[in-house]
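*Asks:*
Residue numbers (this note's numbering), protein chains in the order written: chain B, 26 to 198; chain E, 17 to 332.
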């Protein structure tokens, strides 16, 4: 039997589902696509991005904040996250080999599987034909849980913001 | 030259198949293929991104998702006036930078940079026509300014990590990110305006940057190796402690717990009140230390913003 903290799940469940489906599993697909295209530097950079997102996700599950780009870098730096050292130890992207990329991919898949296993619900693949409506159901039920335990509604307007935060310059648009 | 037929063939489809999928939706505007496929960068797993440009005002920019087999087809309605507005906002003044050019004045928002990159590389779906926005000097300069803005912020974070962490590997990870931001500046300044971090190295290779230089930029792990790479790429020394400001987030509010002041961030995190950072980065680092500033950024209590006049001065 496992017991989950309802308020925490309400607070991070949607973030987790979105990051896992779009940034992590979408990113893993990007790695594979670039490998198939013999574009190893892009595969390598996509894999680095996935590993960084997975590290951010672990903080998210501990009650952190969904973040990408520079805010994620700040988070990983502020917490001395080991992924920064892992990434720093890698060769330059231009020297990426199939073996290095495969190793990064295997690590990413392992970590993604661990996070999935820790969640109390199946995370649907939001950008697959059979995942879209499952995703809507997950979103609806988690929004209901948020309301039930007093967590404010999810801020959908931040989805797609490159750093996961409101761009201070966007008021000029 | 990217054609819609060739771009869609990358994901195994054709123009008529996309037309059939979207049906009467295509009556709502002029259809353009945008994104990595249109920019000549995509591969078999890429999405098909379509912008339908019409004359009606559009609220929101969320895509409508369709599928061709397993391939995602995202369709976004675009108000033609938004394109005109973006063109009108392009800069009229720029300076040489990194083998190309960079605008003076405020950077476009990240959304505007992304749209600029997409519209400068857009390919009409059905008939030969130019991109939605010409990738001329004004567009290139604006895009490069966006990358410089990002570089100043990346440098700020790399320096903060450098100042607080005892782990040389962690510090190296921060500088690696700054190295990538540096390369993005050079790539955009030289005319490759499509925005997408995962394509950074493909773009750098496609504009002919020397492999040895890319090796050195990709190997940036310290402040010194960063400075060497910047000098080699023709990017001036940027001091983020002078060029970057901290702006308190809209989602913070002061709270008091048993007479002790805190700030509440996003209704989620309670931070000591002195983590309410605001103003010049250097001054705030002197006041509360790099660790507190980095934490405030990481938890969303503050965002970074380049000081535009100071950055202009550094670029001149």
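Using N, Cα and C, we set each Cβ at its ideal position, and we do this for glycine too.
1) Taking just the CA atoms, how far does residue 49 (chain B) sit from residue 119 (chain B)?
2) Please report the straight-line C-alpha distance between residue 271 (chain E) and residue 283 (chain E), rounded to a whole angstrom.
3) Just to confirm the assignment, what range does the alpha helix (DSSP H) spanning residue 292 (chain E) have?
4) Let me know if residue 165 (chain B) comes out buried or exposed under the rule of 16 or more other beta-carbons within 10 Å of its beta-carbon.
5) Evaluate residue 187 (chain E) with the Cβ neighbour count: other Cβ atoms within 10 Å of its Cβ, from every protein chain shown; 16 or more gives buried, anything less gives exposed.
6) If you follow the beta strand (DSSP E) that residue 108 (chain B) is part of, which residue opens it and which one closes it?
7) Cβ of residue 145 (chain B) within 7 Å of any heavy atom in the ligand NAP?
8) Does the beta-carbon of residue 28 (chain B) have 16 or more other beta-carbons within 10 angstroms, so that it is buried, or is it exposed?
9) Along chain B, in chain order, which residues have C-beta atoms closer than 8 Å to that of residue 282 (chain E)?
10) Below 8 Å between beta carbons: does that hold for residue 86 (chain B) and residue 56 (chain B)?
11) For the segment 199-219 of chain E, list every residue whose C-beta sits within 8 Å of some C-beta in chain B, in sequence order.
12) What would DSSP say about residue 91 (chain B), mapped onto helix, strand or coil?
13) Taking Cβ-Cβ distances shorter than 7 Å, what residues in chain E pair up with residue 112 (chain B)?
14) Please report the residue range of the beta strand (DSSP E) in which residue 278 (chain E) lies.
15) So, with DSSP's three-state summary, where would you put residue 57 (chain E)?
16) To the nearest angstrom, report how far apart residue 81 (chain E) and residue 162 (chain B) are at their CA atoms.
17) So what does residue 27 (chain B) bridge to, in DSSP terms?
18) Span of the beta strand (DSSP E) holding residue 261 (chain E)?
19) When DSSP builds the beta bridges, which residues end up paired with residue 118 (chain E)?
20) Please check if any C-beta of chain E sits within less than 8 Å of the C-beta of residue 43 (chain B).
21) Where are the alpha helix (DSSP H) runs, 4 residues long or more, that stay fully inside the segment 114-173 of chain E, in chain order?
22) Going by C-alpha to C-alpha distance, which of E:199, E:233, E:237 and E:229 sits closest to residue 219 (chain E)?
23) Are the C-beta atoms of residue 183 (chain E) and some chain B residue less than 8 Å apart?
24) Thinking just about the alpha-carbon of each residue, which of B:171, B:175, B:177 and B:75 is nearest to the one in residue 136 (chain B)?
25) For residue 216 (chain E) versus residue 70 (chain B), is the C-beta spacing smaller than 8 Å?
26) Just to make sure I have the definition right: I need the residues of chain B whose C-beta is within less than 8 Å of the C-beta of residue 56 (chain E). Which are they?
27) Suppose you measure from the CA of residue 258 (chain E) to the CA of residue 298 (chain E); what does that come to, to the nearest Å?
*Replies:* Reading from the atomic positions:
1) Here residue 119 (chain B) refers to the residue found at position 94 when the first chain is read from its first residue. Here residue 49 (chain B) refers to the residue found at position 24 when the first chain is read from its first residue. One Cα belongs to residue 119 (chain B), the other to residue 49 (chain B), and the distance between them is close to 23 Å.
2) Within the second chain, numbered from 1, the residue matching residue 271 (chain E) stands at position 255. Within the second chain, numbered from 1, the residue matching residue 283 (chain E) stands at position 267. Roughly 11 Å separates the two Cα atoms.
3) Against the second chain, residue 292 (chain E) aligns to sequence position 276. Careful: residue 292 (chain E) lies outside any alpha helix (DSSP H) and carries neither H nor E.
4) Locating residue 165 (chain B) in the first chain gives position 140, where the first residue counts as 1. Residue 165 (chain B) comes out exposed.
5) Here residue 187 (chain E) refers to the residue found at position 171 when the second chain is read from its first residue. Counting Cβ neighbours within 10 Å, residue 187 (chain E) comes out buried, since at least 16 surround it.
6) Translated into the one-based positions of the first chain, residue 108 (chain B) becomes position 83. For residue 108 (chain B), there is no enclosing beta strand (DSSP E); the enclosing alpha helix (DSSP H) covers residues 107-113.
7) What this structure holds is no ligand at all, so the ligand NAP is not there to describe.
8) Within the first chain, residue 28 (chain B) is the residue found at index 3, counting from 1. With fewer than 16 Cβ atoms within 10 Å of its Cβ, residue 28 (chain B) is classed as exposed.
9) As a position in the second chain, residue 282 (chain E) is number 266, starting the count at 1. Neighbours of residue 282 (chain E) in chain B, taken as residues whose beta carbon is under 8 Å from its own, are 90 in chain order.
10) Counted from its first residue, the first chain places residue 86 (chain B) at position 61. Counted from its first residue, the first chain places residue 56 (chain B) at position 31. The answer is no: Cβ separation not under 8 Å.
11) Against chain B - using a Cβ distance shorter than 8 Å - the residues of the segment 199-219 of chain E are 213, 214, 215, 216, 217 and 218.
12) The residue given as residue 91 (chain B) occupies position 66 in the first chain. Of the three classes helix, strand and coil, the one that applies to residue 91 (chain B) here is coil, per DSSP.
13) Position 87 of the first chain, counted from the start, is the residue given in the question as residue 112 (chain B). At a C-beta separation below 7 Å, residue 112 (chain B) has these neighbours in chain E: 189 and 192.
14) Translated into positions along the second chain, residue 278 (chain E) becomes position 262. It spans 276-281 - the beta strand (DSSP E) in which residue 278 (chain E) sits, taken as one unbroken run.
15) By one-based count along the second chain, residue 57 (chain E) stands at place 41. It is coil, neither helix nor strand.
16) The count along the second chain starts at 1 and reaches residue 81 (chain E) at position 65. The count along the first chain starts at 1 and reaches residue 162 (chain B) at position 137. If you take the alpha carbons of residue 81 (chain E) and residue 162 (chain B), they lie about 17 Å apart.
17) As a first step, residue 27 (chain B) is located in the first chain; it is residue number 2 there, counting from the start. BP columns for residue 27 (chain B) are empty, so no partner.
18) Locating residue 261 (chain E) in the second chain gives position 245, where the first residue counts as 1. Going by DSSP, residue 261 (chain E) is part of the beta strand (DSSP E) stretching over 260-264.
19) One-based indexing of the second chain puts residue 118 (chain E) at position 102. Beta-bridge pairing links residue 118 (chain E) to E:111.
20) Here residue 43 (chain B) corresponds to residue number 18 of the first chain, with the count starting at 1. Judged by the 8 Å Cβ criterion, residue 43 (chain B) is not in contact with chain E.
21) You should have 126-136.
22) Sequence index remark: in the second chain, residue 219 (chain E) carries index 203 (1-based). Selected option, being the one with the closest Cα: E:199.
23) As a working note, residue 183 (chain E) is residue 167 in the second chain. So, interface residue.
24) Against the first chain, residue 136 (chain B) aligns to sequence position 111. The shortest C-alpha to C-alpha distance from residue 136 (chain B) to any of B:171, B:175, B:177 and B:75 is the one to B:75.
25) Residue numbering aside, residue 216 (chain E) sits at position 200 when the second chain is read from its first letter. Residue numbering aside, residue 70 (chain B) sits at position 45 when the first chain is read from its first letter. Yes, the pair counts as a contact, with Cβ atoms nearer than the cut-off.
26) In the second chain, counting from the first residue as 1, residue 56 (chain E) sits at position 40. Ordered by position in chain B, no residue passes the 8 Å Cβ test against residue 56 (chain E), which lies about 12 Å from the chain.
27) For the purposes of this step, residue 258 (chain E) is taken as the residue at position 242 of the second chain. For the purposes of this step, residue 298 (chain E) is taken as the residue at position 282 of the second chain. Distance between the alpha carbons of residue 258 (chain E) and residue 298 (chain E): 6 Å.
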